[in-house]
Structure formats: C-alpha cells, structure tokens
Amino acid sequence: MNSIVKDNLVSIVGEDFVITNISQKTSYLYDEIEHIMRPKADENSIVVKPKDTDEISKIMKYANKIKMPVVVRGGGTGLCGGCIPTKESIILSTERLKKIVEIDEDNMVAVLEAGVTLFELLEELDKHEGVGFPVHPGDEGAQMGGMAATNAGGARAVKHGVMRKHIQGMEVVLPSGEIMELGGKLIKNNAGYNLMQLIIGSEGTLAIVTKIILKIYPKDKYSATIIAPFKHFNDASNAVMEILKSGVTPLAVEYQDKHLFVETAKMLGTEWQAKQGNADLMIIISEKTEDLLYATCKQINDICQKNNSYETLFAGKKSEQDELLLIRSQHYEYIKDIIGHSFDTAVPVASIPAYLNELKELAKEYNTFTNITAHIADGNIHSDIVLVDGKMPPYAEELKDKIFKTCFKYNGTITGEHGVGKLRIDDLKLQKSEVELNLMKSIKKVFDPNNILNPGTVLDM
Amino acid sequence: MDILVLIKEVPDMQKVKFDSEKGVVNRSSAESEINPFDMNALQTAIDLKRKYNATVTVLTMGPPSAEKSLRDAFARGCDHLVLMTDRKFGGSDTYATAKTLASGIKYLEKYDLIVCGEKSVDGDTAQVGAEVAEFLNIPHSYYVEKINNINELEVEVVVESLSSSKQVRKMKLPALIGVTKNINIPKLPTVNRKLESLEVDVKKISLDDLSEYISEIDTGFKGSPTKVSKIIIPHPLERTSQIFKDDYISFKEAIKKEIKKNNIGM
Amino acid sequence: MSEYKGILVIAEQNNNVIHKVSYELLNKAKELAQSLNIPLNCLLLGNDGINAKELNYRGADTVFFMKSEIFLVAEEYLYKQNIVNFINENKPEIVLIGATNFGRSLAPRIAAALETGLTADCTNLKIDEDGHLIQIRPAFSDNILAYIKTAHYPQMATIRYKEFSEAERDLNREINIVELQPYFCNYDKTNIIKTLNDSDVNITEAEIVVATGRGIKKKEDLRMIETLAQKLGGVMGVSRALVDAGMTSSAYQVGYSGNRVKPKIYIACGISGAPQHLAGMKESELIIAINSDPSAPIFSIADYGYVGDIYEIIPNLIRDLD
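Protein chains in written order, with the UniProt record's numbering: chain Y, 1 to 461; chain V, 1 to 266; chain A, 1 to 322.
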C-alpha cells in the first residue's frame with residue numbers, strides 16, 4: 001500500500017487506528033467461508049478503524065477521489081466471502097462504532113451504531129425487563145451493520161422473518177462520502193422509492209451502514225424445544241407442513257441428518273438422546289404464558305404422533321435447550337474438514353421432500369453423499385459436496401450445476417440467507433434474467449459510479 | 001425396592017442479580033428450577049428404577065410453588081411426589097432442614113436407598129444429606145460416581161477422591177448416597193410424560209402430620225442453631241487490566257516477563 | 001455455657017500423612033485462641049508412625065492422638081462416633097474441620113449427632129465482642145458473603161483448603177501429646193472393599209494453570225491447551241461446560257462447583273468468565289485472558305488480556321514461550 005494513502009488515512013482517524021503490519025492485519029482478511037472455496041485476499045490492503053460517521057464520510061470522500069476500493073468489515077461472520085478484499089483495498093472496520101444510542105421502549109425500537117454486536121445488543125436488552133430481539137443468525141459476534149447489509153436470517157425466521165422485516169431506519173454513507181438518513185422511528189412511511197430496503201441485503205456494495213433503527217419486541221417468557229424422531233423423512237416433512245397449517249407458529253423447525261446430530265453430540269462429549277428413527281426434527285417454540293406453551297406443545301406432539309413419530313422428547317430448562325442448540329449449531333465443526341462446496345439453497349416448503357430426495361439421488365449418482373441441515377419450515381436447506389481425499393472432486397462443477405437446476409425446477413433460489421458475496425456471482429447468472437441483472441448493475445452505477453465499494457461482490461462489474 | 005430422592009428448588013443462578021452497593025440479592029428475575037446437582041440424583045434413581053424395577057419417590061421441602069420442580073421430576077420418570085410445606089418450616093438452616101426432612105422420611109416409612117445431589121447452587125453447603133443420614137442413623141457415602149450393584153440388602157458404590165483415593169464401598173440398606181455430576185448425563189423427559197406431569201397428584205406434608213417425629217421448636221427459624229447476622233456482597237477484585245488487540249508481539253513479551261519474574265516453569 | 005472451653009482443630013491425615021489444611025486451620029485457630037485467651041487443642045485420628053509432634057510445632061497446645069489402624073481408612077461413621085465422644089468429654093467451644101472432601105462428608109454427621117449448627121466452607125473467622133465465633137462464608141456461587149453465628153455449643157465450622165497460610169513451624173514449642181484409644185472400633189453397615197488410586201492430577205497445587213472453556217470447539221482441541229500447560233510446567237484447567245459436556249474429567253474443573261485454584265499465573269483461553277468460573281480462580285495472583293469477544297467478563301478481572309482467536313494465539317504461544 002502506498003504510503004501517501006496511509007498518511008491520508010492516519011490524518012483522518014489517527015495513527016492508532018490504521019494497520020499496515022501483516023501479522024496484525026490477518027484477522028481482517030477473511031470471513032467464515034470454507035477454506036477450499038475462499039478467494040485470496042490482497043494482503044497489501046490497509047485496515048482503517050474510524051470512530052464515527054464523520055470519519056467514514058471523510059474516508060469515502062478520499063477513496064472516491066483516488067478511486068481506491070473500500071471493503072466494509074463487520075463481525076466477519078459471513079459465509080460467502082463478502083468482506084474479503086480480493087483487490088488492494090481499504091478495509092473499513094466498523095468495530096469502533098459501538099454505541100447503543102438508545103433503547104426506546106415507548107416506540108419499541110433500538111437505535112444502534114453499526115459495530116454493536118448481536119451479543120452486545122442482547123446483553124443490553126437483558127437489562128430491559130421483557131424486551132428482546134428475535135433474529136439470530138447463529139453467531140452473536142455478528143455486527144448490526146453487517147446483519148443489515150447482508151439481510152441476515154437464521155433459524156428463527158419461521159416465526160419472525162429475516163432482518164429486512166425488523167429495520168425501520170438507517171444512516172448510511174454513500175461512496176461519494178455523503179451521509180443519508182433513511183426511514184425512522186415511524187411505522188408508516190410511503191414517501192417515494194424505498195432505498196433502505198434496497199440497501200438491506202446489498203452486501204456492502206451500495207452504501208456503508210453506520211446506524212440502524214431496529215424494531216424490538218416483547219419477549220416470549222416461556223420456551224421449549226421438542227425433539228421429534230421419525231423413521232422416514234417424508235413423515236417428518238409431512239408433520240412440518242401440518243404444523244404450519246395448524247396455526248401454531250414455532251420459533252424454528254430444524255432438520256438435520258441423524259448422523260450429524262449423533263456425531264456432533266459425540267464430538268462435544270455428550271450424547272444425542274433420540275436413539276430411534278432416521279429423521280429427527282428439532283422444534284423450538286416460545287409463548288407468552290406457560291399454559292399456551294403446553295397447549296402448543298400438545299398440538300405439535302399430536303401432529304408428530306399422527307405422522308408416525310417415535311416418542312418425542314421435551315427440553316424446558318434453558319440449559320437443556322442451550323445444549324440441544326449447541327449440538328445443532330456445532331455440526332459445522334464436525335463436517336467442515338470433509339466438505340468442499342456448501343450450499344444454502346431454498347425452495348417452497350411443500351417442495352422440500354421431493355427436492356431433498358433428488359439431492360440425495362444426485363449424490364448417489366456420483367457415488368458420494370451429502371450432509372443435510374435444513375431450516376425446514378422456511379424451506380432453507382444446507383447441503384454440500386463432500387471432498388474426496390481432501391480435494392475437491394473433478395465432478396464438483398457438474399454436480400453443482402445439477403443441484404442448482406434441481407433447485408430452480410422447484411422455483412428455488414441459490415441462496416436463502418448467506419448471500420451471493422464473492423462466491424456465487426457466476427451462480428447468480430443461472431438464476432436471474434439478463435434484464436434483472438442489468439437493472440441491478442445500473443443501480444450499482446448510480447450509487448457507486450467509480451465502483452469502489454466492495455467491488456467483485458454480488459455483481460461482476 | 002423403594003428409592004427416595006431429595007431435591008431442592010433453587011433460583012436459576014444465571015439470572016440472579018447481586019447488587020454490591022445495596023448489598024441485596026435480587027431473585028425476582030430468576031425462575032426457580034431443580035438444583036442442577038439434583039438432576040444427577042434424579043437420573044441415578046430413574047436408572048435404578050429401569051434396571052431393578054424400583055419405585056422412585058421425590059421429596060422436597062419448600063413453599064407451595066416448589067410443586068413445579070416435583071412435577072418436573074415426575075416428567076423425567078419418578079413415580080411419587082411429596083412436598084413438605086408449612087410456614088413453620090420457613091427459615092430452616094441446614095440442621096433444621098435435615099431434621100425436618102428426616103422426620104418426613106420417617107413418616108413416609110418406606111425407603112431402601114436415599115439419593116441426593118452433591119450440593120445446592122445457592123446454599124452450597126453440601127451438608128443436608130449427611131445430617132439426614134445421621135438423624136435416620138443409616139450409613140452414607142458422598143461423592144458417589146458409580147453404583148456397581150444393589151440388592152435388597154446392600155449397595156456397592158465407587159466414591160471419588162475421598163482422602164486422596166477412590167474407594168469401593170458396600171453399605172447395608174437403608175443407606176444414603178450423594179452423587180457427583182460424573183455419575184450420569186441427565187436425560188430429557190418425553191413430551192407425553194411432561195404433559196402428564198401437569199396433572200399428577202402431589203402429596204403434601206405439613207408440620208401437623210409429623211407430630212410423632214418432630215415438634216415446632218425443632219424446625220424452621222426456631223429450630224435453627226445457626227443465624228445469618230449479615231450479608232455482604234463483595235466488590236470484585238480490582239486489577240490493572242492491560243488489554244491487547246492485534247499486537248501479539250507485545251502481549252507475548254508481557255507474558256514472558258511475568259513468567260520470568262515468577263521464576264516458574266520452563 | 002461456661003462448661004465449654006477451648007478450640008479444637010480436627011487434623012486430617014491421608015495415608016497417615018497429615019494434610020496441609022490442618023496447619024492452615026491451626027494458623028487461624030491460634031489467632032482466635034489468643035484473642036479469647038483459651039487453649040488450642042488438636043485431635044488427630046491416625047495410626048502409629050504419624051508425625052503427631054508436627055501439630056505441636058505448628059501451634060497446638062495439646063495434641064490428642066487417637067491411635068488405631070482403623071483410621072487408615074476414611075469412613076465417616078467410625079470417625080464421627082469417636083470424635084463425638086471426644087467432644088462430649090472435652091467440651092470445646094469451637095470445633096474446626098478442613099473442608100476437604102472427607103471433611104465435608106464427616107462434619108455434618110458430627111454436628112447432627114451433637115445437635116449443633118455447622119457452617120460449611122468458611123473463608124474467614126472472627127470473634128465478636130461477646131466472644132462468639134463469627135463464621136464468614138460465601139454462598140450463591142461466591143457472589144455473597146454471609147456472616148453466621150451459632151447459638152449452640154460447640155460452634156462448628158469447616159474451613160476451605162488454601163484459604164489461610166500454613167502456621168509457621170516453631171521447633172521450640174513444647175511437645176504435648178496425649179495418646180488415646182478409640183471408643184468405637186466396629187461399624188458393620190459400611191464396608192470399604194478397596195481403595196483405588198485416584199487420578200494424579202492435582203490442579204489445586206499447580207503454580208500455573210492454563211484453562212479453557214466454551215471457546216474450545218471439540219475434545220481433540222484440548223490437546224493444544226495441555227501442550228501449552230506442559231510447556232509452562234503447569235496443569236490444564238477447564239470450565240464446567242467442558243466437564244458437563246464430558247470432554248474431560250472433573251479433576252480438571254475450575255469453578256465454584258469444581259476446584260478452587262490460586263496459582264501464580266492463570267491463563268484463561270476462550271473462557272468468557274461466568275460467575276461460576278470466576279469463583280474458582282479470581283484469587284489467582286496473575287490472570288491472563290485470551291478471548292475473541294472484547295466484552296467477555298473475564299477481561300474485567302484480568303491483569304493482561306488479548307482479544308483474539310485462541311486457535312491462532314495458542315499455537316503461537318506454544319511456539320514462542322520458550
């Protein structure tokens with residue numbers, strides 16, 4: 001990195017908040033994408049840590065002038081390489097924008113700077129009796145700005161939807177350095193195009209999110225997790241559809257291949273208690289009263305039994321529920337060394353059984369297997385291509401194409417929640433029409449004529 | 001075989017708040033639950049029930065609301081629930097608690113093995129079990145990590161690190177054991193049994209029922225030889241925190257210096 | 001209550017070697033005995049060959065040595081019967097027992113048999129203006145300190161190991177040993193068939209503890225913590241979560257429900273610092289914390305902290321701390 005750039009950045013944020021030393025930079029170069037899939041970061045990039053919106057604005061003005069790429073970095077918990085600087089860039093870390101501006105219980109909103117982590121938000125809300133925030137992408141190190149920019153999802157989307165649904169306002173800095181306020185604490189707002197919704201999910205390519213106004217909600221006081229083991233996946237899947245139709249809305253319904261539950265539990269040194277069956281559902285419910293909780297429980301249990309489940313298990317204590325969730329979320333640690341490509345497709349809920357069967361058949365066709373983890377009630381499925389002798393198999397591209405084609409056959413999408421990032425730019429072309437892609441490119445050009453904001457992400461420009 | 005499990009209802013310790021300025025413990029935000037250590041005691045009894053066709057009775061002393069924890073024990077596989085509840089039991093220290101529990105056990109008559117957890121997370125005294133054994137004049141073993149076998153006459157257990165060695169012990173029944181967390185992994189209840197537990201009967205025992213075994217002066221606040229005279233919520237120890245980020249080299253050097261200063265290891 | 005007089009420390013021995021907690025109790029008891037101006041006696045149950053004189057050197061005015069091979073086996077009932085009889089004959093006003101595993105199992109039986117109160121796991125003792133014992137003990141996972149008094153006699157307490165320093169050894173002190181025969185030698189309800197060697201990990205004695213918790217993702221990764229610990233000449237420690245998850249035995253567990261440690265250096269790697277864990281290590285002389293979450297509570301009690309991923313830092317430390 002040229003020393004003039006460094007000097008200019010130092011003049012904006014101060015000596016302490018510009019990093020050029022490679023050993024200190026390494027933790028800013030990558031996200032959580034599978035190693036074998038990750039694009040190489042340009043190690044000449046420079047890390048800058050502004051303290052507020054003004055400093056970000058100044059950095060953008062400068063970068064725009066010299067046409068230097070800027071990659072915004074939040075918690076680094078993404079899974080598609082979105083924040084990896086593949087060209088020599090200014091890595092703009094939002095870690096110092098840590099202020100929880102206010103928790104406004106009258107309007108039920110939280111005003112937060114972009115660098116506040118999910119953990120910090122939940123910890124703060126803990127001090128406010130009965131108030132919570134439901135979206136949970138799994139890793140609490142995720143930052144609010146990043147969660148907004150990537151439209152984060154997670155298991156609880158069944159009941160609460162994804163990030164998009166919960167943001168009421170934003171402050172953003174445009175590539176030109178201009179600062180813009182969008183939305184606000186008000187609920188109804190129908191004035192003009194909704195640029196805020198455009199920026200949500202744009203993966204840091206249109207503007208830098210510096211502040212968000214987030215909806216908060218009365219917390220459900222009672223929760224439970226039900227483990228329902230089935231002999232056949234189709235029974236489990238039928239049970240899920242019947243549950244959704246019955247009017248009870250679980251917080252989350254998770255499916256995972258049995259061996260993933262069993263082996264992840266073993267890896268964690270504990271045991272998976274549902275011994276029978278081949279297809280286990282983890283159904284998380286939450287309600288305002290204890291009576292409601294048990295009524296929901298009974299309703300779900302009846303539906304499961306009607307669909308031939310084995311004896312269902314109940315976890316009511318927080319520690320017990322946490323352990324189950326840990327087994328669910330840590331499966332990735334168990335498989336991460338054996339998988340190459342990992343998918344995040346989504347299809348309409350009713351198509352899941354047929355789609356999953358085809359995925360398994362496809363794997364068989366190549367004499368391999370796939371690990372399935374699904375947010376089954378919202379149609380979002382994580383499957384993978386398994387490595388052969390630690391290497392990506394020669395048929396990987398071919399198999400990937402077939403998987404996506406199958407997904408499109410069911411009117412699905414290549415990414416339910418992880419996003420496009422730098423990983424799926426080419427895949428996006430399979431799903432979107434040229435007209436739509438061209439519109440996206442035009443929008444990008446309007447926001448960022450010099451293409452300095454996270455270039456090479458979402459769209460190939 | 002009749003197995004009796006003694007449990008305690010405690011506040012969820014993750015949620016209890018301590019105010020060191022005012023010196024108060026605020027439990028209001030904390031739900032009550034079965035003392036985590038007692039979960040292993042319950043599982044021990046349930047495992048024995050499955051293996052030896054035993055009957056498991058759960059006994060607790062507490063306010064009427066402690067019924068909830070008993071129902072949870074039923075959901076996990078216990079058979080009978082007994083709640084010792086009476087205003088006059090209130091304020092019992094460990095001595096009075098043990099004496100009251102022992103009188104309740106005498107009143108119930110039938111027991112071969114009594115199982116308790118290692119200690120409670122709130123009181124943290126670990127003495128009620130042994131005191132109950134003394135009042136009943138039966139043998140006891142704490143820190144039981146394994147039950148080798150049991151029949152109508154005796155139980156053989158493995159006791160961990162007592163006096164710097166493990167022991168294999170046989171005790172004649174009736175006997176009391178306190179189990180450690182290593183003895184088992186507590187299992188989840190089934191949904192069916194959980195729903196059933198909401199309706200099941202809880203037997204209640206009050207002081208009047210126990211007139212044969214204990215009098216009012218031996219229980220509750222009056223029957224307690226120890227009194228808490230005050231409570232302090234200590235401030236956490238202050239340390240001169242020096243936090244590094246990104247600068248691994250300086251961090252490493254700082255540690256190296258400390259290790260050298262202490263002249264230990266390496 | 002004037003018939004009760006003096007302080008009695010019950011010494012503990014393992015395999016006929018006096019446990020260090022006995023010297024710690026004598027140290028504190030000496031201070032109490034001086035302020036009350038009463039004798040300090042010690043009761044030792046053990047067999048021939050034990051170094052009973054040492055208890056005199058460490059401050060006991062009289063050592064009552066109840067000698068029998070039955071005491072080579074730790075069994076609560078026989079110990080209790082003999083101690084209760086001794087106490088009923090000698091009537092000490094204060095009885096102190098070490099809160100070791102055996103002490104915790106034995107003391108409640110003694111207290112119940114004597115129909116008196118017992119305060120468990122005290123961390124300090126004081127005398128009030130009326131000459132009563134104030135027993136100070138933590139509760140609620142060490143979040144509070146309770147001051148407790150006992151209305152009955154004797155006033156009994158168990159005291160945590162490593163809470164006080166050992167009494168200094170004074171070879172000029174008078175040797176005064178009274179040998180006794182046990183009152184009871186038989187108990188047919190408990191039979192100790194055999195004793196087995198326990199794991200030889202002793203985390204409470206280690207000068208360096210390298211501990212980890214939820215930051216560890218799987219069992220195999222504990223090897224990296226062990227390697228660092230060994231390299232520094234220390235012992236590995238873990239938080240309760242890992243023991244609960246079955247990743248390792250409770251012998252390594254640090255926390256209020258595990259071992260309380262006070263090493264010279266405590267390195268917490270990937271431990272957020274739940275109150276339960278802090279209770280077991282916060283008195284360490286120097287605390288170093290490594291955690292990826294800068295808001296982890298462990299940093300607030302650390303002397304040095306590093307914000308970062310343990311999977312990057314630990315291998316570096318293993319390489320560099322040579």
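Just so it is clear, CB atoms sit at the ideal spot from N, CA and C, and this is done for glycine as well.
Min CB distance residue i to chain A below 8 Å
i, result
"residue 262(V)", "yes"
"residue 261(Y)", "no"
"residue 47(V)", "no"
"residue 120(Y)", "yes"
"residue 107(V)", "no"
"residue 244(V)", "yes"
"residue 333(Y)", "yes"
"residue 75(Y)", "no"
Residues that residue i contacts on chain D, provided the C-beta gap is smaller than 7 Å
i, result
"residue 245(A)", "Of the protein chains in this structure, namely Y, V and A, none is chain D."
is_contact[residue i, chain Y] using C-beta, thresh 8 Å
i, result
"residue 189(V)", "yes"
"residue 1(A)", "With a pLDDT of 49 at residue 1(A), under the threshold of 50, the modelled position of this residue cannot be trusted; read the value that follows with caution. Cβ-Cβ to chain Y under 8 Å: no for residue 1(A)."
"residue 70(V)", "no"
"residue 219(A)", "yes"
"residue 265(V)", "Low local confidence applies: a pLDDT of 46 at residue 265(V) is under 50, so the model's placement there is unreliable, and no value is given."
"residue 185(V)", "yes"
"residue 258(V)", "no"
Reduced DSSP secondary structure (H/G/I, E/B, other) of residue i
i, result
"residue 260(A)", "coil"
"residue 37(V)", "helix"
"residue 327(A)", "With chain A covering 1 to 322 only, the question about residue 327(A) has no answer from this structure."
"residue 133(Y)", "coil"
"residue 137(V)", "coil"
"residue 292(A)", "coil"
"residue 155(V)", "strand"
Segment limits, beta strand (DSSP E) that includes residue i
i, result
"residue 179(Y)", "179–183"
"residue 226(Y)", "222–230"
"residue 340(Y)", "339–342"
"residue 171(V)", "165–172"
Spatial neighbours of residue i in its chain, beta-carbon cut-off 8 Å, leaving aside the 5 residues before and after
i, result
"residue 60(V)", "6, 7, 8, 9, 66, 69, 70, 82, 83 and 84"
Where the alpha helix (DSSP H) through residue i begins and ends
i, result
"residue 77(A)", "76–90"
"residue 58(Y)", "53–66"
"residue 124(Y)", "118–126"
"residue 407(Y)", "396–409"
"residue 300(Y)", "290–306"
"residue 85(Y)", "Segment: none, residue 85(Y) is in no alpha helix (DSSP H) and carries neither H nor E."
"residue 144(Y)", "144–149"
heavy atom of the ligand ADP below 7 Å from residue i C-beta
i, result
"residue 48(V)", "This structure lacks the ligand ADP; in fact it carries no ligand of any kind."
is_contact[residue i, chain V] using C-beta, thresh 8 Å
i, result
"residue 277(A)", "no"
"residue 313(Y)", "yes"
"residue 14(Y)", "no"
"residue 167(A)", "no"
"residue 120(A)", "yes"
"residue 489(Y)", "As displayed, chain Y neither begins before 1 nor continues past 461, which places residue 489(Y) out of reach and without an answer."
Proximity winner among the options, relative to residue i (alpha-carbon distances)
i, options, result
"residue 25(Y)", "6(Y), 8(Y), 34(Y) and 46(Y)", "46(Y)"
"residue 207(V)", "197(V), 201(V) and 218(V)", "218(V)"
"residue 58(Y)", "447(Y), 177(Y), 105(Y) and 360(Y)", "177(Y)"
"residue 89(Y)", "103(Y), 70(Y), 161(Y) and 201(Y)", "70(Y)"
"residue 312(Y)", "391(Y), 282(Y) and 12(Y)", "282(Y)"
"residue 4(A)", "68(A), 86(A) and 175(A)", "86(A)"
"residue 153(Y)", "449(Y), 434(Y) and 418(Y)", "418(Y)"
"residue 314(A)", "256(A), 212(A), 304(A) and 244(A)", "212(A)"
Cut-off 6 Å between Cβ atoms - residues of its own chain near residue i, not counting five sequence neighbours on either side
i, result
"residue 375(Y)", "155"
"residue 230(Y)", "236, 277, 279 and 309"
"residue 108(Y)", "216"
Same chain, Cβ closer than 7 Å to residue i, neighbours up to 5 away in sequence not counted
i, result
"residue 399(Y)", "362, 366 and 385"
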